[in-house]
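Below is one structure, written out as structure tokens; the observations come after it.
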Amino acid sequence: MPEEYLLLLVALPFIGSIVAAMLLSTASRILPAWLAGSFAFAATLVTALFYPQVTDGHVVRFEIEWLPEFGLNFTLRMDGFAWLFSMLVTGIGTLVVVYARYYMSPDDPIPRFFSFLLAFMGAMLGIVLSGNIILLSIFWELTSIFSFLLIGYWYQNANARDGARMALTVTGVGGFCLLVGLLVLGHIVGSYDLDAVLAAGETVRAHPLYLTALILILIGALTKSAQFPFHFWLPNAMAAPTPVSAYLHSATMVKAGVFLLARLWPTLSGTFEWFWLVGAAGISTMLLGAYFAIFQRDLKGLLAYSTISHLGLITTLLSLGSPLAAVAAIFHMINHATFKASLFMAAGIIDHETGTRDMQKLSGLYRFLPYTATLAMVACAAMAGVPLLNGFLSKEMFFAEAVETHADSILDRALPYIATMAGAFSVAYSLRFIHTVFFGPPPTDIPNLHPHEPPRWMRFPVEFLVLACLIVGIIPSLSIGPFLSTAVLSVLGPDTPPYSLALWHGFTLPLLMSVIAMIGGTILYVVLHNYLAHCEDGPPIFRHLRGQRIFERILVTMSWKWARWLEANLGTRRLQPQLRIVVALSFLAAFVPLYLSGFNPRLPPLAEVDPAFAMIWIIGMLSALGAAFLAKYHRLAALVLIGGAGIVTCITFVWLSAPDLAITQLLVEIVTTVLLLLGLRWLPKRVGKVDDSATLTARLRRLRDFSLAAACGIGMSILAYAVMTLPVPNTIANYFLERAYSEGGGRNVVNVILVDFRGFDTMGEIAVLGIVALTVFALLRRFRPAPESIGVPEQQQVQNAFDDAQPERSAGDTIRDYLLVPSVVMQWMFPVVITFAIYLFIRGHDLPGGGFAAGITMAIAFLLQYLAGGTRWAEDRLRILPLRWIGLGLLVAAATGIGSWFFGYPFLTSHSQYVELPLIGKVPMASALLFDLGVFGLVVGATVLILIALAHQSIRSYRVRTEQKAEEA
Amino acid sequence: MELVLSLGIGIMTGSGVWLLLRPRTYQVIIGLSLLSYAVNLFIFGVGGLKVNAPAILREGAEISTFADPVPQALVLTAIVISFATTALFLVVLLASRGLTGTDHVDGREQSK
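Next comes the structure, spelled out in structure tokens:
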């Protein structure tokens, strides 16, 4: 197989997931299952065909450069161990699909289920096949997300939602730690490539950051594999549909943690820290999980805790750091996946047929389901470690390793006893499963009193897996032997120890331990039998100490209590303190670095001041101060004064060689003033002064604000002076000045920068402008003006009263009279202003002007018509459709940009030449001009839309007034 | 020239900041306008002040004699965008006045 097929292998499940998602509307129950099954089976086949390439420690690699400068590549890598896991993931995945086809009820949205399941399979394959540890972490997160979706599949059920959320929170936090840990590991190694990491074991273990990386990676692995103290999410995840549990909580998701531990085993293991951290977690999980499993009432709960315990066993084996123990760990991963998946499926069949999973209600099912019962019993025996089954072999290997001394300590010396005890517990819970469910009197208290065998193909996956347990258990070296040795060789390399998979090793200590565990477990079950039939759910002593409750309490404390405390003590909903903080911080952000770097502005010489310029600016400063002083009670005056400040700014631009800015500033000044005037109509006058000037706090507050404002003002003055008097360094200005004509085809460099060099920025800016205009429009559609301002304005009332009093006049005559001359002038100005706009537009590329200025001028032309004749008069004669201007403008701009793609250039590359137009003469015709046309259209549309939307409020309020009058009448 | 302009920028900034911290919405909108003049002038000034040297290319002119076009291009779009934000803020201000019956920035008068 060429190595590209690795990509296909990872992509197959994801493609299947997308296809399944497209079937969402289908009513067929069979089609999605067939689809998912074929994709999963295809993935299994592809994996199987890779086998010849991974034997004898060979590795298949496939690499796509992704972000090589950060050491992040999309590297897929398959060795023997990854191959074995891929077989588990795809093979058991296929069986689960077959099983789910019969398990899922017709009421469930089946395509969604298979879509998530396939996506999960893809993510899991990604973890297994990642050849880059960062890529691995990405797939790791994906499994967390898809397992969340799968556990919460029945989202109408509160338990499913809670279980899913808990699983996501725990594994998500773990995943985050893992990412950081892998980053640290990559930092130590100097590469994120898995091969490099695996080769750098010595370096890593000797590095001072080893412990940091180890702890973080362990948190990731242990949360995923539900190891103590993070085990509590797994039993809660049993709210998932049983096929999900069979897949995620036996063969795949929880195996990801131990997979990672085994994957990084050559790099991280063998130290004292590794043994203590991993060993303590593994041993306590193994023992507690087995103990908890005995006392579960829920069948799936028993299996969940048993899974936790078996994963603890694997973790313990990996902690020992001896190659033989690693062999046993890998072997047990496979064995556990086979018998546990089949047991989950059997539990699902029982649940499906009887309607309950409560072991205190179930009994005597053997007479109804003899076939399923036999299968489940064999699988249970494998779980208990009975000879002739696969579970026995790996458990014997575990016992043998437990007896060996690895890192001499209390933990190591206690291990044989703990192992035997955990073995006894697992015998006890397996016996409980078999005895209570299948034997005894027929059940009386279950929803369906007459269960029967499931459909032929629903049983098939269970049969297949149980058969595998038997074959591996009886002829291990002929069946699993070569595959196991391939996997082991790829993890351990030259350190691979000789091991034997034989069934009979003679009368050894491990065999004695097995016998003790068997007898002890049986006695334990006989003793507990009556108690278990009636006890409460959960193990004695620990029943009230529930990880779930502790977890929830921590969540509530962090996300509710602490958040509330922070908000109450550090937050404010008031705008003024927020702005004060923003301003003060900005001031400090500028002041502190300048102060620390010893900034010392020189006192300026006074001789150079140009008196005319100074006069203009005295007016400007007075306007600004006046506006600041008057804005509270004299709004119109303040508006006039900032207009003054604006004009001074505009003159400054003219004076200092920025004609484009001056034109734009002047035009924007006009529309802003009109805009604010229109707004003032709806802002009721402030009646009466709020007299709080006398209070001390008010004075202090003003003093503080004044000092802040003064500090900012003085600071800005000094800074501006310093910046302007410093010699200008060699900037990018020269780049633009040199190339504006030769490459942009225009002499007005500012315009060329806007529409050509930085065209993409301009594109973004006009998009913002369009969005703002649409937002204003949308906000005003449901606008409710202040009640005080709904009535006719005072001046209009006076005028109307005057008109009404004269018999020969009608309302509105006065205003018409004294606007007569201006309105005629304004109407006549319409074509002139439009011509001026076109003039500004066309000359924009070579001389001051351009799309922005022309657009606003055009908008002013329309605006004048509204001012001259009123809204109704203008709209009777003109249909402006600003929304279309906006849309067309944006489209033209984007189309110009896209157009350059057709000539093989990047987005918005421009082309320019001069065109001879009749009457006008030589005109620059750059494609940037087309872009500028888009800018023009959008600016016209946006400006007109904003102003008209506001102007229309007068008509609306007129309607509101007449409606009100009609109601009163 | 530089002295006058920098004093002007300072006064505009100070007035703008003062208004920004006031409790009435209209004061804040005027303050923002003043502040945007000041900031635009400041950015413009970063390129250095030159009289009679607009960045309009002529035959045979030295490149170093032209005013810096980059800050000008930045400020040009800033002027248009500041119009848009003023419009947006104005509409929010009016809607807030209509909804809450007060022109305080927090939508309610501050309790004493």
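Residue numbers (the numbering used here), protein chains in the order written: chain A, 456 to 1424; chain B, 41 to 152.
Built from N, CA and C at the ideal position, the CB exists for glycine as well.
Beta-carbon proximity check, residue i vs residue j, cutoff 9 angstroms
i	j	result
A1383/A	G1225/A	no
T762/A	A681/A	yes
W538/A	V509/A	yes
A831/A	F888/A	yes
L715/A	K679/A	yes
Y77/B	A668/A	no
A578/A	L597/A	yes
A695/A	W595/A	no
T53/B	G1168/A	yes
F687/A	G1002/A	yes
L572/A	A555/A	yes
G803/A	C924/A	no
W1340/A	V1399/A	yes
L461/A	F494/A	no
R631/A	S472/A	According to the sequence provided, residue 631/A is Phe. The question's Arg does not apply to it. No, Cβ-Cβ distance for F631/A and S472/A is not below 9 angstroms.
M814/A	D753/A	yes
G976/A	G819/A	no
F915/A	V552/A	no
F84/B	L1034/A	no
Whole-angstrom distance between residue j and residue i, CA atom to CA atom
i	j	result
A1023/A	W1015/A	12 angstroms
G607/A	G629/A	19 angstroms
F540/A	P684/A	26 angstroms
A1424/A	L1132/A	34 angstroms
I470/A	A574/A	8 angstroms
G767/A	M1013/A	29 angstroms
K850/A	L773/A	14 angstroms
R148/B	S1052/A	44 angstroms
V796/A	A497/A	Looking at the sequence itself, residue 796/A is Ala, so the reference to Val does not match. Their Cα atoms are separated by approximately 21 angstroms.
P1286/A	F1296/A	15 angstroms
M693/A	T811/A	14 angstroms
V917/A	L798/A	8 angstroms
P663/A	S885/A	45 angstroms
K152/B	A1260/A	Low per-residue confidence applies at K152/B: pLDDT is 48, beneath 50, and the placement is therefore not dependable, though the value from the model is reported in the following sentence. The straight-line gap from Cα to Cα measures roughly 48 angstroms.
L590/A	L719/A	15 angstroms
A745/A	T771/A	14 angstroms
Within chain A, partners of residue i - CB distance below 7 angstroms
i	result
L116/B	D1115, L1116, T1119, V1205, L1209 and F1307
L89/B	L1111 and M1179
V85/B	According to the sequence displayed, residue 85/B carries Gly and not Val. Result: A1175, V1178 and M1179.
L72/B	Here the premise fails: no neighbours, minimum Cβ distance about 10 angstroms.
Under 8 angstroms from the C-beta of residue i: neighbouring residues of chain B
i	result
M1076/A	L47, G48, I51 and M52
R1035/A	L61
L1322/A	Going along chain B, no residue has its Cβ under 8 angstroms from L1322/A, so there is no contact; the nearest lies around 18 angstroms.
Within chain B, partners of residue i - CB distance below 9 angstroms
i	result
V1123/A	I119, V120, S122 and F123
G535/A	Here the premise fails: no neighbours, minimum Cβ distance about 60 angstroms.
Amino acids of chain B, ordered along the chain, whose beta-carbon sits closer than 7 angstroms to that of residue i
i	result
R1090/A	Y66
A1195/A	L97
I1097/A	I70, S73 and L74
I1401/A	A127
A1079/A	I51, M52, S55 and L74
Within chain A, the residues that residue i reaches when beta carbons sit closer than 8 angstroms
i	result
L59/B	A1082, A1083 and A1086
heavy atom of the ligand FMN below 8 angstroms from residue i C-beta
i	result
E1422/A	In the structure on display, the ligand FMN does not appear, and there are no ligands present to speak of.
- Task: Can you check the stretch 603–664 of chain A for any alpha helix (DSSP H) of at least 4 residues that lies completely inside it and give the ranges in chain order?
- Result: 613–644, 649–654 and 656–661
- Note down, one range per segment and in chain order, each alpha helix (DSSP H) of at least 4 residues found wholly within the stretch 1109–1180 of chain A. 1114–1135 and 1151–1180
- Query: Name the residues in the stretch 1165–1191 of chain A whose C-beta lies less than 7 angstroms from a C-beta of chain B; which are they?
  - Reply: A1165, C1167, G1168, I1169, M1171, S1172, A1175, Y1176, V1178, M1179, T1180, V1183, T1186, I1187, A1188, N1189 and F1191
- Pick out the complete alpha helix (DSSP H) segments inside the stretch 743–785 of chain A, 4 residues or longer, and give them in chain order. 754–774
- Item | Contact residues within the stretch 132–148 of chain B, judged by C-beta distance below 8 angstroms to chain A | V132, L133, L134, A135, R137, G138, L139, G141, D143, V145 and D146
- Task: Note down, one range per segment and in chain order, each alpha helix (DSSP H) of at least 4 residues found wholly within the stretch 1187–1266 of chain A.
- Result: 1188–1199, 1204–1207, 1214–1236 and 1249–1260
- Query: Relative to chain B, which residues along the stretch 1231–1263 of chain A have a C-beta separation below 7 angstroms, given in chain order?
  - Reply: The stretch 1231–1263 of chain A vs chain B, Cβ under 7 angstroms: V1231, L1234, L1235, F1238, R1239, P1240 and A1241.
- Query: Which ranges does the alpha helix (DSSP H) cover as unbroken runs of at least 4 residues, wholly within the stretch 832–903 of chain A, from first to last along the chain?
  - Reply: Runs of the alpha helix (DSSP H) inside the stretch 832–903 of chain A: 845–858 and 865–893.
- Curious, which full-length alpha helix (DSSP H) runs of at least 4 residues does the stretch 1291–1363 of chain A contain? 1306–1332 and 1337–1357
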